[in-house]
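Going by UniProt numbering, the first residue of the sequence shown is number 1, and it counts up by one from there.
Note that the Cβ used here is the ideal one computed from N, Cα and C, for glycine as well.
These figures come from a predicted structure and were not determined experimentally.
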Amino acid sequence: MAQIMIAYMPVLHEGYLKLFRRYKGAVSCLYVFGKIFINENTYIAREIRACDPGDICRMMRGLGLFPEIKMLCREELKSIKENPSLSIIMTDDEFSREFAAKYLPGRPVHMESQFLRWDEKSVNSAVEVKCDGVVSLPHDREMMRIAHEESKRGSCWWRRVGAVVVDPRMNKPVLAAHNRHMPSEHTPYAVGDPRDFVKAGTNPEIAATIHAEPTIVAMAAKKGIALEGMHMYITVFPCGPCASIIAESGISKLFFASGCAYLDGDTILRSRGVEIIQTW
């Protein structure tokens, strides 16, 4: 089965090159999103630092990684949709996911991350979390697995965190979020990340990201979902400010997989009666 790749590339960086090199010889054509699709997304269309798609195509042709490099326009999309034998790979970002849902509904699409990340071992600046218990029940493992899957959607190269809110009355997830850059996942790759100049574990307020925990609380407010008595599963223990948000949200249990306590995060949570449980 022939494979093609469709990529949103506002900038060309090492993360893209690593992805493309993995598929060299396996992908017959790379399609770069053209402006006709980019302009449909308001915040992406206003990104003045993004390279012109035509320039991206010319750079990619110069690298010689794929037999063909094409700009994705409506005619090319029509041709792709009319060929069910094509296997489609897309870069895994919010823009591409929205595009796939809108233009390729029901079509199998394999998402591949193009974002870079640091080794997590170099990020941890640890104070041991004082937890109330350790569990490894099938339900808890499944909820944490969902949180880990959610974390993979992030673009942060320091650490990717996923969080899931579960209604204990139904034992089902109701909300999921990951840490993400604002206003776009591509922001740190276009202008850099201020965390590059901050020691790990310090100054959490200096960041271009919104963490998974406040994102979930904001989502709940937007959707009118009360968090009182809910459980949260998170892949990495929250920072101090996020611990405060969770503590005031009404969440009753926090399950975490790994990480450490910053700025007395565990003390803050416990002061509001939040039970802290480690699981994996």
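What residue from H181, N179, K152 and D140 has the CA that sits closest to P173's CA? Cα-wise, what sits closest to P173 is D140.
Would E82 and A163 qualify as a contact pair, given that the criterion is a beta-carbon distance under 8 angstroms? Not closer than 8 angstroms, so no.
Where do the ends of the alpha helix (DSSP H) carrying S96 lie? Per DSSP, the unbroken alpha helix (DSSP H) holding S96 starts and ends at E94 to Y103.
Can you give me the start and stop residues for the alpha helix (DSSP H) that L65 sits inside? From DSSP, L65 is part of no alpha helix (DSSP H); its letter is neither H nor E.
Flag this pair as yes or no: are the beta carbons of V166 and S151 separated by less than 8 angstroms? For V166 and S151, no; Cβs fall outside 8 angstroms.
Do Y23 and I6 have their C-beta atoms closer together than 8 angstroms? No, the pair does not count as a contact, with Cβ atoms beyond the cut-off.
Is DSSP giving L269 helix, strand or coil here? Helix, per DSSP.
Can you grab the Cα-Cα spacing for the pair P53 / H178, in whole Å? Taking the straight line joining both Cα atoms gives about 28 angstroms.
Close Cβ partners of V274 (< 8 angstroms) along its chain, the five nearest in sequence each way excluded: Leaving aside the five residues that flank V274 on each side, the residues in its chain whose CB is nearer than 8 angstroms to its CB run, in chain order, I246, A247, I251, S252, K253 and L254.
Please say whether V135 and I277 have beta carbons closer to each other than 8 angstroms? Using a Cβ distance threshold of 8 angstroms, I277 and V135 count as a contacting pair.
L12 and M59 - do their beta-carbons sit closer together than 8 angstroms? The criterion of a C-beta distance shorter than 8 angstroms is satisfied by M59 and L12.
Sequence-distant residues of the same chain with beta carbon closer than 7 angstroms to S249, five excluded per side: Here the set comprises V217 and L227.
Where the alpha helix (DSSP H) through K35 begins and ends: According to the DSSP assignment, K35 belongs to the alpha helix (DSSP H) that extends over K35 to I38.
In this structure, what does DSSP give as the bridge partners for C29? I4 and E68, per the DSSP bridge assignment.
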